[in-house]
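Asks:
Number of protein chains: 2
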Amino acid sequence: MEKQQNLSKNQKIIFDLIDKSPEPLKAYSILFNVQKKGINAPLQVYRALDKLVEIGKIHKIESRNAFIACQNSSCQISKATAFSICESCEKVSEISNTKLSKYLSNFADEAGMKYSKYNLEFFGLCKKCKSK
Amino acid sequence: MEKQQNLSKNQKIIFDLIDKSPEPLKAYSILFNVQKKGINAPLQVYRALDKLVEIGKIHKIESRNAFIACQNSSCQISKATAFSICESCEKVSEISNTKLSKYLSNFADEAGMKYSKYNLEFFGLCKKCKSK
DNA sequence: TTGCAAATGTTATATTATTACATAGTGTTA
DNA sequence: TAACACTATGTAATAATATAACATTTGCAA
Chain D
909 MEKQQNLSKN
919 QKIIFDLIDK
929 SPEPLKAYSI
939 LFNVQKKGIN
949 APLQVYRALD
959 KLVEIGKIHK
969 IESRNAFIAC
979 QNSSCQISKA
989 TAFSICESCE
999 KVSEISNTKL
1009 SKYLSNFADE
1019 AGMKYSKYNL
1029 EFFGLCKKCK
1039 SK
Chain U
909 MEKQQNLSKN
919 QKIIFDLIDK
929 SPEPLKAYSI
939 LFNVQKKGIN
949 APLQVYRALD
959 KLVEIGKIHK
969 IESRNAFIAC
979 QNSSCQISKA
989 TAFSICESCE
999 KVSEISNTKL
1009 SKYLSNFADE
1019 AGMKYSKYNL
1029 EFFGLCKKCK
1039 SK
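Taken in order, these protein sequences are the chains called D and U. Numbering-wise, the first sequence is residues 909 to 1040 according to this note's numbering. Numbering-wise, the second sequence is residues 909 to 1040 according to this note's numbering.
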């Protein structure tokens, strides 16, 4: 089910960087880090990011304008994402909880409208920060 | 329970504008609209927005960098927000569904971590756009 | 009526993201 | 293989979003 071989040169460079990072990366920090590999312009980064998001290899943390690699092997395409974000150290983890994703994927509002996609961000203190 | 009287001059001008708007407003569109009222600089807008978000009078739609007035009278402070967003016409509505908010407020991840805050954005097509 | 916290005003600048246009690679199929 | 469509790349310029730093003013409680 892995599509990594399909990635183009720039997409691969940028995915690898994000995938290795322990924390979400911002576009211009990515740019800075890949300049030695010949990626010089913001647009090159944003184009790769757009594509990687589209195919579900990475997710955008909207509240932080930052990107992390998808941690969820069953998440072929990023239509249902949930994250936990520590407001102290900014650690971000992807939540893969079957009950939660089922609940949200099946959620219909008062008018019975169902949704094709959602993004959920939880905020709090991670274990480490809580015990400080 | 209304706190509107507490709003400062700039906060009130900006809240009124957002509250009257049928759609989420972006910071610089707000700036443009309040320049006749003597608010000249981005920072004046952002400061008011920050405060209004903090006290729960408005919410930020993170995926759109835009702001809407809180529709939920019981939402004194914006710690638990959910929105439906039409990907075609960009209509945004706040969802106030007791079951959903209870479910999410009580959600604890694998490690048992509970969260003090969340923001959920659903995407799909609104009724009008679906029938087109 | 002083003193503090919150809010305002102003300039400059940082950060995030897109437009526009030209070129090159990749895969399909006639 | 030639023609085509589609995707990706390269580059420059600029738009859109957001914050830093500093000076001043206002509201209100002790």
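In this text, a Cβ means the ideal position worked out from N, Cα and C, and glycines have one as well.
1) Consult DSSP for residue 976 of chain U and reduce its assignment to one of helix, strand or coil.
2) Can you give me, in chain order, the residues of the segment 968-999 of chain U that have a beta carbon less than 7 Å from any beta carbon in chain D?
3) Are residue 1024 of chain U and residue 975 of chain D touching if we call contact CB-CB under 8 Å?
4) Applying a beta-carbon distance threshold of less than 8 Å, which residues of chain D neighbour residue 1019 of chain U?
5) Which class does residue 1015 of chain D belong to by DSSP, given the choice of helix, strand or coil?
6) Counting only Cβ pairs nearer than 7 Å, list the residues of chain U close to residue 1026 of chain D.
7) Are the segment 963-978 of chain D and the segment 993-1005 of chain D touching by the rule of at least three beta carbon pairs closer than 8 Å?
8) For the segment 921-935 of chain U, which residues have a CB atom closer than 7 Å to at least one CB atom of chain D, in sequence order?
9) Report yes or no: is there a C-beta of chain D within less than 8 Å of the C-beta of residue 939 of chain U?
10) Between residue 1022 of chain D and chain U, is any beta-carbon pair separated by less than 8 Å?
11) Could one say the Cβ of residue 957 of chain D lies closer than 8 Å to chain U's Cβ atoms, at least one of them?
12) Got a sec? Which residues, its chain only, sit under 6 Å from residue 1034 of chain D by beta carbon, not counting five neighbours each side?
13) How is the beta strand (DSSP E) around residue 992 of chain U delimited, first residue to last?
14) What residues from chain U crowd round residue 1003 of chain D, counting only those whose CB sits closer than 7 Å?
15) List the DSSP bridge partners of residue 1027 of chain D.
16) Going by other Cβ atoms of all chains shown within 10 Å of its Cβ, with 16 needed for buried, is residue 944 of chain D buried or exposed?
17) With a threshold of 8 Å between beta-carbons, can residue 954 of chain D be considered close to chain U, or not?
Replies: Per the coordinate set shown:
1) strand
2) 970, 971, 992
3) no
4) 1035
5) coil
6) 1028, 1029, 1030, 1031
7) yes
8) none
9) no
10) yes
11) no
12) Closer than 6 Å at the Cβ level, and outside the excluded window around residue 1034 of chain D, lie 994, 999.
13) 988-994
14) Chain U residues near residue 1003 of chain D: 1017.
15) D:989, U:1029
16) exposed
17) no
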